[in-house]
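Comments concern the structure below.
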Amino acid sequence: MSLLSRLLIKLQFSLDKLFRLDSLSRSAYDAVAMQVLAPLSTTYQPWSTSALRPSGLVKILNEIVMNRRCCIVECGGGISTVYIAKLLQQQGQGHLYTLEDNLGWIELLKALLQEQGLSDYVTVIPAPLAACNLALETNLWYDLTAFRSQFTTSTIDLLLVDGPPAYDKPRRLSRYPALPALRDLLAPDFAVILDDINRSGEAEIISKWATEFNLTFEKYLYDGDIAIARSQGGFHIG
Ligand SMILES: C[S@@+](CC[C@H](N)C(=O)[O-])C[C@H]1O[C@@H](n2cnc3c(N)ncnc32)[C@H](O)[C@@H]1O
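In the numbering used here, each number is its position in the sequence shown, counted from 1, plus 1140.
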């Protein structure tokens, strides 16, 4: 075997080891997070690969508790909706508005919330994907007609962006409009959180938001894949 082949095999071995370590450390963060989340759930929750990672969810719940966020808007519902609602129920205050484009998913989400006695804490709002003048490339974004007619009394102090789906190349920048589209409803003291920042599209979005909104993002790559920025500072959630 030539020297070059031996070197290539060694390199491959080291890379494999690095990737395994990387995935082990991500799993370890999530395993600890599941223990932190345990008091919020006494029933089985259908946690799929589309959902936020447990370690990301813990940071979002930390933000709600530690920085007193009580009017939350979420783009893209799922497990996050259920856990945020549970926390709001436990705290006895706050409300979550979830924008969701998939009608079947809305039905499932509402059923889960109802079965767990959480419907009073969440308004799930149908928001079909439509052309949007703030969208980048050819992406669609949520139609806010129903949201704007229902969200009349408050300002948003936490915006969580985990939708629309953006896992494939044509839609990699599909989440960009969230901040500019909702800017008129943001409280003076607000936080914005973006999920999936391990992907190139979301990394580009936080960099654009940082420049356009003069925000500084804390990035949690191993422990959550989320980034958070606050307009006025606040307690650290990591
Ligand atoms: C990244 S997911 C949102 C996940 C959500 N925030 C959570 O933590 O579960 C974005 C969209 O994918 C869809 N979705 C979520 N979970 C799904 C699943 N298990 N199967 C199919 N579609 C799903 C929903 O329409 C959702 O708005």
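Even glycine gets a Cβ: it sits at the ideal position worked out from N, Cα and C. Only a predicted model underlies this, so the values are computations on that prediction, with no experimental measurement involved.
(request) Mind checking who Arg1370 pairs with in its DSSP beta bridge? (result) Within the sequence shown, numbered from 1, the residue matching residue 1370 stands at position 230. Bridge partners of Arg1370: Ala1331.
(message) Assuming Ile1296 is part of the beta strand (DSSP E), what are its boundary residues?
(response) Against the sequence shown, residue 1296 aligns to sequence position 156. Ile1296 -> beta strand (DSSP E) spans 1296 to 1301.
(request) If I'm right that Ala1331 touches Asn1202 with Cβ under 8 angstroms, what's the distance once you round it to whole angstroms? (result) Looking up residue 1331 in the sequence shown gives position 191. Looking up residue 1202 in the sequence shown gives position 62. With a Cβ gap of about 11 angstroms, Ala1331 and Asn1202 do not count as contacting.
(message) Between Pro1268 and ligand 1, is there a pair consisting of the residue's CB and a ligand heavy atom that are separated by less than 7 angstroms?
(response) In the sequence shown, the residue the question calls residue 1268 occupies position 128. Every heavy atom of ligand 1 is 7 angstroms or more from the Cβ of Pro1268, so no.
(message) Going by the DSSP bridge assignment, what does Glu1214 pair with across the sheet?
(response) Along the sequence shown, one-based indexing puts residue 1214 at 74. Answer by DSSP bridge pairing, in chain order: Thr1238, Leu1300.
(request) Can you have a look at Tyr1313 and say buried or exposed, based on whether 16 or more other CB atoms are within 10 angstroms of its CB? (result) Against the sequence shown, residue 1313 aligns to sequence position 173. It should be noted that the sequence gives Leu, not Tyr, for residue 1313. Buried, because 16 or more other Cβ atoms sit within 10 Å of the Cβ of Leu1313.
(message) Is Gly1218 near ligand 1 - that is, is its Cβ less than 7 angstroms away from at least one heavy atom of it?
(response) Residue 1218 sits at position 78 when you count from the first residue of the sequence shown. Within the cutoff, so yes.
(message) Within 8 angstroms, do at least three Cβ pairs link the stretch 1234 to 1241 to the stretch 1213 to 1220?
(response) yes
(request) Keeping to the same chain, check which residues put their C-beta closer than 7 angstroms to that of Ala1267; ignore five residues upstream and five downstream. (result) The residue given as residue 1267 occupies position 127 in the sequence shown. Excluding sequence neighbours, Ala1267 sits near Leu1239, Glu1240, Asp1241, Tyr1282, Asp1283, Leu1284, Ala1286, Phe1287.
(request) Compare the C-alpha of Leu1228 against each of Ile1246, Thr1356, Leu1253, Glu1247 and name the closest. (result) As a first step, residue 1228 is located in the sequence shown; it is residue number 88 there, counting from the start. Looking at the Cα atoms, Leu1253 is the closest of the given residues.
(request) Return yes when the Cβ of Leu1322 is within less than 8 angstroms of the Cβ of Ile1212, no when it is not. (result) Taking the first residue of the sequence shown as 1, we reach residue 1212 at position 72. Taking the first residue of the sequence shown as 1, we reach residue 1322 at position 182. No, Cβ-Cβ distance for Ile1212 and Leu1322 is not below 8 angstroms.
(message) So, at 6 angstroms on beta carbons, what are the nonlocal neighbours of Gly1303 in its own chain, with the 5 sequence-adjacent residues on each side left out?
(response) Reading the sequence shown from its first residue, position 163 is the one you call residue 1303. Same-chain partners within the cutoff: Cys1215, Gly1216.
(request) Consider the C-beta atom of Ser1371 and the heavy atoms of ligand 1; say whether any pair is separated by less than 7 angstroms. (result) Residue mapping note: residue 1371 aligns to position 231 of the sequence shown, counting from 1. False, no ligand heavy atom lies under 7 angstroms from that Cβ.
(message) Would you say the beta carbon of Ala1191 is closer than 7 angstroms to some non-hydrogen atom of ligand 1?
(response) Translated into the one-based positions of the sequence shown, residue 1191 becomes position 51. Within the cutoff, so yes.
(message) Tell me the rounded alpha-carbon separation between Asp1336 and Asp1170.
(response) Taking the first residue of the sequence shown as position 1, residue 1336 is located at position 196. Taking the first residue of the sequence shown as position 1, residue 1170 is located at position 30. Cα to Cα, the separation comes out at about 15 angstroms.
(request) Helix, strand or coil for Pro1266, going by three-state DSSP, please let me know. (result) On the sequence shown, position 126 is the one that residue 1266 refers to. Here Pro1266 sits in strand by DSSP.
(request) Return the chain-ordered list of same chain residues with a C-beta closer than 8 angstroms to the C-beta of Thr1356, the five sequence neighbours on each side being excluded. (result) Indexing the sequence shown from 1 puts residue 1356 at position 216. Excluding positions up to five away in sequence, the list reads Ala1350, Ala1369.
(request) Hey, could you find the ends of the beta strand (DSSP E) Trp1281 is sitting in? (result) Within the sequence shown, the letter at position 141 stands for residue 1281. Its beta strand (DSSP E) spans residues 1280 to 1282.
(request) Run the CB neighbour count on Pro1317, radius 10 Å, all protein chains shown included, and call it buried at 16 or more, exposed below. (result) Sequence index remark: in the sequence shown, residue 1317 carries index 177 (1-based). Pro1317 comes out buried.
(request) From the DSSP output, in three-state form, read off Leu1326 for me. (result) Within the sequence shown, the letter at position 186 stands for residue 1326. If DSSP states are grouped into helix, strand and coil, Leu1326 belongs with the strands.
(request) Assign Phe1291 to one of two classes, buried (16 or more other C-beta atoms within 10 Å of its C-beta) or exposed (fewer than that). (result) Locating residue 1291 in the sequence shown gives position 151, counting from the first residue. With 16 or more Cβ atoms within 10 Å of its Cβ, Phe1291 is classed as buried.
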